[in-house]
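These notes are about the structure you will find just below.
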Amino acid sequence: MTKTNPGYFFEDYHVGQVIRHATPRTLHDGDAAMYQALYGPRFALQSSWDFAAPGSKLRNPVMDDLIVFHTVFGKTVPDISLNAVANLGYAEGRFLASVESGDTLTARSEVIGVKENSNGKTGIVWVRTTGFKGDAMDLPVLSYVRWVMVRKRNAASSAPDPVVPELSDTVAAGDLIVPEGLDWTNYDFAAAGEPHRWSDYAVGEIIDHVDGVTLSEAEHMMATRLWQNTAKVHFDVTARPDGKRLIYGGHIISMARALSFNGLANAQLIAAINAGSHANPAFAGDTVRAWSEVLDKADTSAPSVGAVRLRLVATKGSEPGQLRGEDGKYLPEILLDLDYWALMPV
Amino acid sequence: MTKTNPGYFFEDYHVGQVIRHATPRTLHDGDAAMYQALYGPRFALQSSWDFAAPGSKLRNPVMDDLIVFHTVFGKTVPDISLNAVANLGYAEGRFLASVESGDTLTARSEVIGVKENSNGKTGIVWVRTTGFKGDAMDLPVLSYVRWVMVRKRNAASSAPDPVVPELSDTVAAGDLIVPEGLDWTNYDFAAAGEPHRWSDYAVGEIIDHVDGVTLSEAEHMMATRLWQNTAKVHFDVTARPDGKRLIYGGHIISMARALSFNGLANAQLIAAINAGSHANPAFAGDTVRAWSEVLDKADTSAPSVGAVRLRLVATKGSEPGQLRGEDGKYLPEILLDLDYWALMPV
Amino acid sequence: MTKTNPGYFFEDYHVGQVIRHATPRTLHDGDAAMYQALYGPRFALQSSWDFAAPGSKLRNPVMDDLIVFHTVFGKTVPDISLNAVANLGYAEGRFLASVESGDTLTARSEVIGVKENSNGKTGIVWVRTTGFKGDAMDLPVLSYVRWVMVRKRNAASSAPDPVVPELSDTVAAGDLIVPEGLDWTNYDFAAAGEPHRWSDYAVGEIIDHVDGVTLSEAEHMMATRLWQNTAKVHFDVTARPDGKRLIYGGHIISMARALSFNGLANAQLIAAINAGSHANPAFAGDTVRAWSEVLDKADTSAPSVGAVRLRLVATKGSEPGQLRGEDGKYLPEILLDLDYWALMPV
């Protein structure tokens, strides 16, 4: 019997199946320091243990929302995307509770859709993944839907009845979770780095985040390993015909989010991920820039906290505001098109 | 008087000499995060502070055994291998007590053998190195023998009486230390990532760990500095005629061990290092793969814990199971041949 | 209105102006581990939480002085040097209180001088920057003067009255702060790694630190992001005509300081920075070596602690002791010329 994990093939998934992913992971200050070195974020809430509760003595080393996302995502890789041909999309991502230094995360996925492709060689699998914390690992911290194209083990296998889940285009503003007790009435804009509050942003506004970062091999591999993501293509130059290491899409998300500080310094928390597309692959040597578009605004359950829906685009060469060509397809320079809700002081 | 450390030469060692190595080092969560980013290990015991004591509230941020090994090894470099021509072997390595976040380590070596080479220019020195923790630095955590070929300061120096220590081929199973209180009766195989328990492994079995990692300069230098290992050849392109930075052998050990998760996920702890050879040098750009062979199995003092003796081989191109050529020498692709005892749930 | 920070131009500064810099930053063990991996320091005081108070149970995870310097410096970049043409110098740098794991730092700068250059396109701005810690962010930890050449927004703007501050050539020995309670009467020289005490160093002595490190892109970018330093030239290959990423000068300071352990192992703390010049730019691929010259010696307020004034030079090729050519200019190989006070056991 082979002892190594061959990963799941399309035939191994059925709707209703629940997969408990391996390796609980305690997140801690060391992970925050690695994240700081890899992306250079300046959002005050994660940078300072005091910012969350100014004036109090509460120490609150809170993990960046994307640390939580990557950790949960990484756990799913051996079971969901080891034999994946493509990561097709995200939907209905919601951050449900904050994660602090010392919290241990686990993850579980439920298969909510399967559909064989007409070529008979691959199929699409939809899963809803949930990350948990707590002594009993029963407190959800993050939930999202992801769909991937997976190889069939055997082209001759018969196709399952197709089930395509109905997914929301966006998380409803009323479903956004504001961390308990969050009060930005006396928010310190000078400490946070920019004066722009929620009311200063207008739907349709485009923000050029100006700065660029040229990617390196060592950094994307360290990032990907930090989240225990084991997909071969990120590490092994022999895994692709072109001899290049494909950069984990989440590395681009984090880089773009960190760059977005310049213009969105007060978008302190990510409350939801509505949709996301890794439009083109990224490789070491690419220089990444980012721009954002304000898609929507909404109130939240906390009077001092507003929600802003943003499109965050990472590009290796196109101009701010450019996204698709005349054919409706992403421009070849676009690396990421992420649609998310952030929380800001009103 | 020159203030810098010239290192020891062969004439400076004599049997019975005890060398106290410099720079106590406190290991902590930050080191664990760096280790995670550099190698991507997924062993549950070190990944989750809760896994060691499921169901209890005990928080147990335990350091990976190889973090302990590298830290102790690094301390010996300025005194043992600064003028070494080659690192010839390891024996009788035993992990004696677990090291947790906040423990400070020191190291001491005793010279147990010296033998001048027939060329009159170099000699072999055997040392037994011990790492310690505790307020009084008197609790041993690791002990191992290493032998190195060292330059003579002066070819005209007379040769010492040769003393070659008798070393065990392998640590006896009865001498393996199981961490106090370790009870794997209710071990969570799903959380750990694989169902294979000690009884599922057969002597002679070979496990291909499948995954590969292409090495980068930045990563191996960061790893080596983390352990305060100062050997010039790892950092300085002018230190070797070929202009290449030689990768610290321990970097390959940790990379291979992390890769071995895929097939040996439940080999949670390293109990002993029986022998080890850095068969060929590794450089940035090499793609490392690993395979293991089950050499032996044994009971331990804990009923729920079994010991498995493994050969862990790192290679940059040969097939699993291939090790030596017809001439009995290691194949040129072999980077590491490590013989160790691991602990698994029975 | 553009939301992104355009940075300050020369016209935006006036003497007496106080700028409160953004993003409070909590330093912690994770930062210490990153620093360890990036530079490999071996100074016992920061390496071991026990060394500061041998024999006591006091745990003292103290941050390296340069971690404090880089953190404070990084905060000033968006306000002081985003449009800077050159970083001209440092003076009157004093470390005022130690920073431990968990302390949050903020920074503030006062403009103390402005002088337009004769070309009408740029001007020089002098600022005195102070870093703070404490619940009320009112405990100064570091103060230094820096002057930079900054672009004018509009060449037609009229020049301000020039104010050039009088700066000390060196911090007076009597102004050096010794951390409260520091007692090196029973200093452990063997643990620290070298036997040389304060009285063993002579003014005029030159110490070759021997070791070299070849720089990599990933490492300098990770270092620079760790301090939230956002200067484009360090990250973006399109930011300079030569397509090279300029390495943050502080990266060279830290590398040279770590290399200086070999010969200055007991220079445990930096008490003051008298002056500093980044003589030539450094790039990935350069191999850095370091040498020191003893410039002065002095007593301190603590009987067991001596102060030694050192010139620390980083070079990519020249010999120890070589600094300037016959024209009085730095040799092209010189990367750094730093003049600082260190504390050593007498």
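Chains as they are written, first to last, in this note's numbering: chain V, 1 to 346; chain R, 1001 to 1346; chain Y, 2001 to 2346. We put the CB at the ideal spot given by N, CA and C, even for glycine.
Query, Result
"CB contact check: A1239 of chain R to chain Y, cutoff 9 Å", "yes"
"L1215 of chain R to V1288 of chain R span [Cα, whole Å]", "7 Å"
"Euclidean distance between Cα positions of W1126 of chain R and S1109 of chain R", "10 Å"
"C-alpha distance - T2185 of chain Y paired with G1131 of chain R, whole-angstrom precision", "27 Å"
"Local Cβ density within 10 Å of H2014 of chain Y, reported as buried at 16 or more and exposed below that", "exposed"
"Inter-residue Cα distance where the pair is D1031 of chain R and M344 of chain V", "34 Å"
"Neighbour list for H2209 of chain Y in chain R, Cβ cutoff strictly below 8 Å", "T1004"
"Neighbour list for M2063 of chain Y in chain V, Cβ cutoff strictly below 8 Å", "Going along chain V, no residue has its Cβ under 8 Å from M2063 of chain Y, so there is no contact; the nearest lies around 12 Å."
"Span of the alpha helix (DSSP H) around G2263 of chain Y", "F2261 to L2264"
"Of the listed residues R:W1341, R:G1089, R:G1113 and R:E1194, nearest to P78 of chain V (C-alpha basis)", "R:E1194"
"For G1030 of chain R, the first and last residue of its enclosing beta strand (DSSP E)", "Where G1030 of chain R is concerned, there is no enclosing beta strand (DSSP E), although the alpha helix (DSSP H) it sits in stretches over D1029 to Y1039."
"Residue from R:T1129, R:R1094, R:V1085 and R:G1134 whose Cα sits closest to the Cα of L1105 of chain R", "R:G1134"
"Within chain Y, partners of Q36 of chain V - CB distance below 7 Å", "R2225 and L2226"
"Exposure of S56 of chain V, with buried meaning 16 or more beta-carbon neighbours within 10 Å", "Reliability fails at S56 of chain V, whose pLDDT of 47 lies under 50, so the model's placement of it is uncertain and no value is given."
"Residues of the segment 1326-1337 of chain R with Cβ closer than 8 Å to any Cβ of chain Y, in chain order", "none"
"Residue span of the beta strand (DSSP E) that contains M2221 of chain Y, given as start and end", "Taken as a continuous stretch (DSSP letters only), M2221 of chain Y belongs to no beta strand (DSSP E), being part of the alpha helix (DSSP H) at E2217 to L2226."
"Burial state of P1303 of chain R (16 or more Cβ within 10 Å)", "exposed"
"Three-state class that DSSP yields for M2255 of chain Y in the structure shown", "helix"
"According to DSSP, residues forming a beta bridge with T1104 of chain R", "R:T1026"
"L1285 of chain R - partner residues in DSSP beta bridges", "One detail in the question is off: residue 1285 of chain R reads as Gly in this sequence, not Leu. For G1285 of chain R, which the question treats as bridged, DSSP gives no partner whatsoever."
"Rounded separation between G2113 of chain Y and G2016 of chain Y - CA only", "9 Å"
"Reduced DSSP category for L1066 of chain R - H, G, I as helix; E, B as strand; rest coil", "helix"
"Cβ of K57 of chain V within 9 Å of any chain R Cβ", "Summary for K57 of chain V: the model assigns pLDDT 45, below 50, so the residue's position carries little reliability, and this model does not support an answer."
"CA-to-CA distance, S292 of chain V to V203 of chain V, given in whole angstroms", "11 Å"
"Through-space distance from I1019 of chain R to K2366 of chain Y, alpha-carbon basis", "Residue 2366 of chain Y lies beyond the residue range present for chain Y, which begins at 2001 and ends at 2346; the question has no answer from this structure."
"Proximity test, Cβ basis, 9 Å: N2235 of chain Y and chain V", "The residue asked about is misnamed: residue 2235 of chain Y is Phe in this sequence, not Asn. True, the Cβ-Cβ gap to chain V drops below 9 Å."
"Chain-ordered chain A contacts of P165 of chain V [CB-CB under 7 Å]", "Looking for chain A here will not work: the only protein chains present are V, R and Y."
"Delimiting residues of the beta strand (DSSP E) encompassing H2132 of chain Y", "Strictly speaking, residue 2132 of chain Y in this sequence is Phe, with His absent from that position. Unbroken beta strand (DSSP E) run through F2132 of chain Y: T2122 to K2133."
"Residue burial classification, L58 of chain V (beta-carbon count within 10 angstroms, cutoff 16)", "Unreliable placement is indicated for L58 of chain V, whose pLDDT of 46 sits below 50; no coordinate value is reported for it."
"Under 8 Å (Cβ pairs) to chain Y, residues found in the segment 167-198 of chain V", "A190, A191, A192, G193, E194 and H196"
"Classification of D242 of chain V by the beta-carbon crowding that lies within 10 angstroms, buried from 16 upward", "exposed"
"DSSP state of T1071 of chain R mapped onto helix, strand, coil", "helix"
"Contact belief for V1308 of chain R with A1267 of chain R at Cβ below 8 Å, rounded distance in angstroms", "7 Å"
"Members of the segment 2311-2322 of chain Y near chain R, C-beta cut-off 8 Å", "none"
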